[in-house]
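Under my numbering, the residue at position 294 of the sequence shown is numbered 294, and the numbers go up by one with no gaps.
For every residue, glycine included, the Cβ atom is placed at its ideal position computed from N, Cα and C.
To start, the structure under review is shown below, and the notes come after it.
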Amino acid sequence: MSICVEFEHIETALQALPLQSRTMIQLLLLQYIDVTQEEIDYMATDQPDSRFLSGNQPQGKSISLEAVQNVTSRSNQYKGYYRQKRERPGMHVEFLKEMLTILDRKIRIVERMLLEDFSTDEDTMKSTKSQAPSVLLRQELRKLERAWEHEEIPKKDYQVQRLLLEFQALLRRRAIFRRRFKISQQEFLSAGLSSLKDHEIAHVWGIPLGSLAGRKVKALEQFLKILQGNQDPSSPSNENTQALDLWRETFNTLAHRPIERSLIEYDGLEKTEESLMEKLEAFVSGLMSEPEESKFWTNITKVNDTEFSGSWASHARSILAFQRLHALLNDMDLSDEGLEDEISAKIIPKQADDQIATEEEEKPVELGEQGLGVLNSFMGEQDDKRRG
């Protein structure tokens, strides 16, 4: 039987649940659905009174403002953490998808330039493609630059060789980005299926972990029974298997909802925001070497898995970097003409050092009035008596 769970079915099932069960399911689905004030008040009231460690709890307990604030704070903390846990790989997927499109266009432009502008033969193109995964790009670039500096290669041959190396660099970068895209997709799907763990629910609710299991089983049975009522009743199936499929399909349905964007402040990534932006610009433009890019990618995507190593802020750091990356992409000229100009600028040979030197560098440095004043203060006043 094909199972189809719509978002309206989930909302209807939640509203039909009693308050305790609805609170439990809302916490399990906290990544997608907010806990209401009614449920927060219920959790604050339902917490055991620490003054009664044994025996029955007092009836008709009043709501403590402090308890409500604590439940709200813990709920928001876990909500932010789990939503950012999904937002982070989601932004990775969006960025990598856009970058792969740009790299495909750059590769087509380089192929056209080689074939049309520089009349490169097909055999050279095929061998360049086949050697791309194994070529030592940095060494080949240094060798080409050295040949140009020693005037061992004409300008057109330099441009052809440089464009062929750029072609290989783009092919390798595309292959690397495809692997990263695949990993990010898997992480995004995995994050979308994660719910709060039992000890986290007990922490938010403020109840002992031992009393949670029975409530959770009861709430899931009631919720899935209502969802099952929306399915086709004509095809019988194993109830346990169907219940598991319904719960999984609930997360699959919720995972298609739009991702909420977080407002993240800079928190010291790459030590200064200026340094971070410089590296992000170099990363987007492809100006980093492969080892530098790999290290930088790890730095802006890594996650600390434990609370004590900073898990609460770890997702936010990655989200900040990718928000900046998306902003940089929006500011770039991504037209075919703009991309071709960017590639053409890379294959222009550098001028000799004697041609780059300017007259300002040869002029002696002259001190101004302030500099002379500082120099005289170090020398001290002249003794007029010693002059005579």
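C-alpha distance - residue i paired with residue j, whole-angstrom precision
i	j	result
Glu200	Ser73	13 Å
Gly338	Ser262	32 Å
Leu114	Ser130	16 Å
Val68	Gln168	60 Å
Gln159	Arg172	20 Å
Lys197	Ser318	24 Å
Phe95	Pro48	47 Å
Glu265	Leu320	7 Å
Ile63	Glu39	12 Å
Leu164	Asp333	23 Å
Leu325	Val284	7 Å
Tyr78	Ile226	27 Å
Lys363	Pro349	With a pLDDT of only 49 at Lys363, under the threshold of 50, the placement of this residue in the model should not be trusted; the figure read from the coordinates follows. Cα-Cα distance, rounded: 28 Å.
Leu137	Gln161	12 Å
Gln185	Thr124	35 Å
Gln242	Gly206	32 Å
Phe322	Glu340	25 Å
Ala132	Ser194	39 Å
Val296	Leu65	Looking at the sequence shown, residue 296 is not Val but Phe. The straight-line gap from Cα to Cα measures roughly 46 Å.
Ile109	Gly268	38 Å
Ile300	Met43	38 Å
Glu166	Glu140	11 Å
Leu212	Ile25	12 Å
Arg430	Leu329	Lying outside 1 to 388, the shown extent of the chain, residue 430 is not represented and no answer is given.
Glu145	Asp331	31 Å
Asp41	Tyr81	22 Å
Met288	Ser75	41 Å
Buried/exposed call for residue i, threshold 16 Cβ in 10 Å
i	result
Asp46	buried
Leu209	exposed
Gly214	exposed
His150	exposed
Leu248	In the sequence on display, residue 248 carries Arg and not Leu. Classification of Arg248: exposed, given that the 10 Å Cβ count is below 16.
Ser275	exposed
Ala219	buried
Lys97	exposed
Leu298	This sequence places Thr at residue 298; Leu is not what is there. Exposed.
Ala327	exposed
Asp245	buried
Ser314	buried
Gly229	exposed
Ala13	buried
Thr23	buried
Leu280	buried
Pro291	exposed
Start and end residues, alpha helix (DSSP H) containing residue i
i	result
Glu66	Leu65 to Arg112
Ala169	Lys155 to Gly192
Met43	Gln37 to Asp46
Ser289	Unbroken run through Ser289: none, as it is neither H nor E.
Gly338	Asp336 to Lys346
Ser127	Glu122 to Gln131
Gln26	Leu19 to Leu28
Arg146	Leu137 to Glu149
Arg215	Leu212 to Gln228
His256	From DSSP, His256 is part of no alpha helix (DSSP H); its letter is neither H nor E.
Glu281	Glu273 to Ser285
Asp198	Asp198 to Trp205
Phe7	Phe7 to Ala16
Whole-Å CB distance - residue i paired with residue j, under 8 Å assumed
i	j	result
Phe177	Leu103	7 Å
Arg83	Gln31	6 Å
Ser21	Gln231	Rounded, the Cβ-Cβ distance is 20 Å, inconsistent with contact.
Arg86	Phe188	7 Å
Ile343	Lys106	7 Å
Leu17	Val204	Contact flag wrong, Cβ pair sits at about 18 Å.
Val5	Thr250	5 Å
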